[in-house]
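Number of protein chains: 2
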Amino acid sequence: MSISLGKGRPRKADRGIPDATVARLPVYHRVLVSLSEAGVQTVSSEALAAKCGVSSAKFRKDLSYLGSYGTRGVGYDVSYLTYHISRELGSAQPWGVVIVGVGNLGRALISYRGFTSRGFAIVGLVDNHPDVICESLTATELGNLVALKVRPLVELETIVGATKAQIGVIATPADCAQGVCDRLVSAGIRSILNFAPVVLEVPNGVEVRKVDLAVELQILAFHEQRRG
Amino acid sequence: MSISLGKGRPRKADRGIPDATVARLPVYHRVLVSLSEAGVQTVSSEALAAKCGVSSAKFRKDLSYLGSYGTRGVGYDVSYLTYHISRELGSAQPWGVVIVGVGNLGRALISYRGFTSRGFAIVGLVDNHPDVICESLTATELGNLVALKVRPLVELETIVGATKAQIGVIATPADCAQGVCDRLVSAGIRSILNFAPVVLEVPNGVEVRKVDLAVELQILAFHEQRRG
DNA sequence: TCAACTTTGTGAAGTAGGGAACTAATGCCT
DNA sequence: AGGCATTAGTTCCCTACTTCACAAAGTTGA
Numbered sequence: 001m002s003i004s005l006g007k008g009r010p011r012k013a014d015r016g017i018p019d020a021t022v023a024r025l026p027v028y029h030r031v032l033v034s035l036s037e038a039g040v041q042t043v044s045s046e047a048l049a050a051k052c053g054v055s056s057a058k059f060r061k062d063l064s065y066l067g068s069y070g071t072r073g074v075g076y077d078v079s080y081l082t083y084h085i086s087r088e089l090g091s092a093q094p095w096g097v098v099i100v101g102v103g104n105l106g107r108a109l110i111s112y113r114g115f116t117s118r119g120f121a122i123v124g125l126v127d128n129h130p131d132v133i134c135e136s137l138t139a140t141e142l143g144n145l146v147a148l149k150v151r152p153l154v155e156l157e158t159i160v161g162a163t164k165a166q167i168g169v170i171a172t173p174a175d176c177a178q179g180v181c182d183r184l185v186s187a188g189i190r191s192i193l194n195f196a197p198v199v200l201e202v203p204n205g206v207e208v209r210k211v212d213l214a215v216e217l218q219i220l221a222f223h224e225q226r227r228g
Numbered sequence: 229m230s231i232s233l234g235k236g237r238p239r240k241a242d243r244g245i246p247d248a249t250v251a252r253l254p255v256y257h258r259v260l261v262s263l264s265e266a267g268v269q270t271v272s273s274e275a276l277a278a279k280c281g282v283s284s285a286k287f288r289k290d291l292s293y294l295g296s297y298g299t300r301g302v303g304y305d306v307s308y309l310t311y312h313i314s315r316e317l318g319s320a321q322p323w324g325v326v327i328v329g330v331g332n333l334g335r336a337l338i339s340y341r342g343f344t345s346r347g348f349a350i351v352g353l354v355d356n357h358p359d360v361i362c363e364s365l366t367a368t369e370l371g372n373l374v375a376l377k378v379r380p381l382v383e384l385e386t387i388v389g390a391t392k393a394q395i396g397v398i399a400t401p402a403d404c405a406q407g408v409c410d411r412l413v414s415a416g417i418r419s420i421l422n423f424a425p426v427v428l429e430v431p432n433g434v435e436v437r438k439v440d441l442a443v444e445l446q447i448l449a450f451h452e453q454r455r456g
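If you read the protein sequences in the order shown, they are chains A and B. Using my numbering, read the first sequence as starting at 1 and increasing by one per residue. Using my numbering, read the second sequence as starting at 229 and increasing by one per residue.
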């Protein structure tokens with residue numbers, strides 16, 4: 001036992017990272033990467049937390065759920081910490097993403113460079129509109145430019161099966177979102193990111209995250225209204 | 229005093245609606261609107277909460293912060309409740325929104341019908357790329373189709389001043405987001421919705437909400453990894 | 001009019017998250 | 001080598017949110 005020479009004990013309670021912490025880990029990861037690109041090798045919790053927009057206490061407590069990857073009196077080794085956060089997030093292995101709905105939003109996702117740089121590969125594009133089916137779009141998959149053809153909606157299950165995609169993105173209009181969701185689930189997808197403004201019903205074991213652009217604006221408007 | 233015949237006392241503690249509640253009000257509002265369109269006139273907290281994906285107790289507690297708009301033994305009058313939630317959210321008055329960055333994401337926002345149907349009007353489009361400046365795009369402003377020309381970035385302050393926009397949306401690449409943010413703030417904007425993957429620094433009194441598409445995917449990937 | 005039933009609104013208990021302060025480990029300087 | 005300065009990791013407390021359970025209020029039917 002006790003191979004702990006200095007740093008890097010495994011991590012403590014392998015389960016039980018609070019949701020709030022998980023939601024912040026990607027931010028920490030991104031800021032660390034940008035520090036690394038700037039040539040910074042070591043950073044304190046104080047400095048890093050400031051760049052992430054959180055308090056240093058919160059930052060340190062968040063990290064304590066993963067393990068003990070810093071050095072007291074010094075701070076954190078940027079690349080070492082980056083590695084451990086990315087491992088925790090699963091960015092080490094590439095995740096296959098199928099995007100359903102190739103309208104403006106879908107295209108924005110396809111051209112979003114942040115996807116591929118964080119371990120995601122778009123492996124399928126699906127739409128049901130004749131004008132876009134068979135259209136060829138270029139995405140960057142793990143750094144390489146890849147041309148993807150938009151496939152018709154009927155092939156959804158085939159594509160999910162063939163590409164072994166793990167994540168489905170719903171970027172369709174609201175009225176077909178639930179139908180698409182059901183088919184993604186029955187094709188084996190258990191993680192769904194939903195941009196359509198509807199509450200999706202899914203069986204247990206399937207996780208849905210929702211991004212609603214109008215909801216965010218409405219929250220801003222609420223606070224805006226609460227000032228003279 | 230006491231004009232309270234039956235229903236509709238003002239609301240209780242005019243301050244102090246929890247953030248978590250505010251974040252759910254837009255969902256309640258949207259589901260109520262869809263019920264109304266389906267011809268439903270009355271709904272119980274149980275049924276409505278189910279459609280919103282929350283527990284009925286949470287739903288009732290959320291509403292209790294606004295006031296007492298239901299009828300015991302019966303439920304809620306759909307249009308009556310819709311009105312009060314929308315008033316609380318400020319959807320009654322139209323909010324002017326300026327979108328900075330007319331790439332794929334900006335275009336997705338412009339064509340997103342959910343904006344205008346919930347009291348938002350896109351009053352300005354700004355970009356700094358010569359190819360898109362002066363391009364004319366059609367948005368729906370309060371139900372009417374409106375053609376908006378993309379204006380150059382240097383005119384940002386002028387546009388905010390002339391249109392009296394209250395909300396700024398940053399849909400630019402990461403590297404110019406902070407600069408755009410600073411200019412929005414100095415032009416008088418106090419509510420910002422940020423799609424760029426950076427943590428914005430703003431003075432006190434300015435509210436920033438952030439939507440990061442990659443972060444959402446990373447959260448999904450985290451949970452996906454936590455299953456063999 | 002009264003009793004049975006439905007459903008809201010709320011008080012109280014339980015849980016999770018945030019903030020500050022403390023402890024302990026490490027590097028640096030003398 | 002030893003003390004000092006720095007900074008990570010942890011503990012404790014407090015606030016905010018959620019859940020539960022019940023009483024108040026209203027409707028319906030006899």
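Quick reminder that beta carbons are idealized off the backbone N, C-alpha and C, glycines included. Predicted model, so just to flag it, every value in this text is computed and none were measured.
Asked                                                                                                                                                             : Found
Under a CB-based cut-off of 8 Å, is Ile-327 (chain B) close to chain A?                                                                                           : no
In the DSSP output, what is Val-98 (chain A) paired with across the bridge?                                                                                       : A:Gly-124, A:Gly-168
Look up Tyr-308 (chain B) in the DSSP assignment and say whether it is helix, strand or coil.                                                                     : helix
Examine chain B for any beta-carbon lying closer than 8 Å to the beta-carbon of Asn-128 (chain A), and answer yes or no.                                          : no
Can you confirm whether Phe-287 (chain B), when its beta carbon is compared against all beta carbons of chain A, has any partner nearer than 8 Å?                 : no
Find the nearest neighbour of Thr-172 (chain A) within the set A:Gly-16, A:Val-102, A:Ile-17, A:Tyr-28, judged by alpha-carbon distance.                          : A:Val-102
Would you call the region 284-291 of chain B in contact with the region 344-361 of chain B, where contact means no fewer than 3 C-beta pairs closer than 8 Å?     : no
Just checking: is the beta-carbon of Gly-124 (chain A) within a distance shorter than 8 Å of some beta-carbon in chain B?                                         : no
Sort B:Ala-278, B:Tyr-308, B:Val-413 by Cα distance to Val-202 (chain A) and report the nearest one.                                                              : B:Ala-278
Could you tell me whether the Cβ of Lys-279 (chain B) comes closer than 8 Å to any Cβ of chain A?                                                                 : yes
Along chain A, which residues have their Cβ under 9 Å away from the Cβ of Ala-390 (chain B)?                                                                      : Per Cβ cutoff of 9 Å: no residues; Ala-390 (chain B) is ~19 Å from chain A at best.
Are any of the Cβ atoms in chain A nearer than 8 Å to that of Asn-332 (chain B)?                                                                                  : yes
Just tell me which of B:Ala-442, B:Leu-445, B:Pro-425 has its CA closest to the CA of Val-436 (chain B).                                                          : B:Pro-425
Between Val-271 (chain B) and chain A, is there a C-beta pair that is closer than 8 Å?                                                                            : no
Give the DSSP-derived three-state secondary structure of Pro-26 (chain A) in the structure shown.                                                                 : helix
Taking only beta-carbon positions, decide if Val-180 (chain A) is within less than 8 Å of chain B.                                                                : no
Report the residue from B:Asp-305, B:Arg-258, B:Glu-363, B:Gly-281 whose alpha carbon sits nearest the alpha carbon of Arg-216 (chain B).                         : In this structure chain B extends from 229 to 456, so residue 216 (chain B) is not present and cannot be described.
Since Val-201 (chain B) meets chain A, which of its residues come closer than 8 Å, beta carbon to beta carbon?                                                    : Nothing can be reported for residue 201 (chain B), as the shown portion of chain B is limited to 229 through 456.
Buried or exposed, going by whether 16 or more other CB atoms sit within 10 Å of the CB of Pro-18 (chain A)?                                                      : exposed
Quick check on the DSSP output: the alpha helix (DSSP H) that includes Ala-172 (chain B) runs from which residue to which?                                        : In the structure displayed, chain B extends from 229 to 456; residue 172 (chain B) sits before or after that span and is not available.
Step through the CB atoms of chain B and report whether any lies within less than 8 Å of the CB of Gly-90 (chain A).                                              : yes
Keeping to the same chain, check which residues put their C-beta closer than 6 Å to that of Thr-368 (chain B); ignore five residues upstream and five downstream. : Thr-344
Based on Cα-Cα distance, which residue from A:Pro-26, A:Val-126, A:Arg-183 lies nearest to Gly-53 (chain A)?                                                      : A:Pro-26
Applying a beta-carbon distance threshold of less than 8 Å, which residues of chain B neighbour Pro-197 (chain A)?                                                : Arg-258, Gly-342
Using only the alpha-carbon positions, how far apart do Ala-214 (chain A) and Ser-339 (chain B) sit?                                                              : 12 Å
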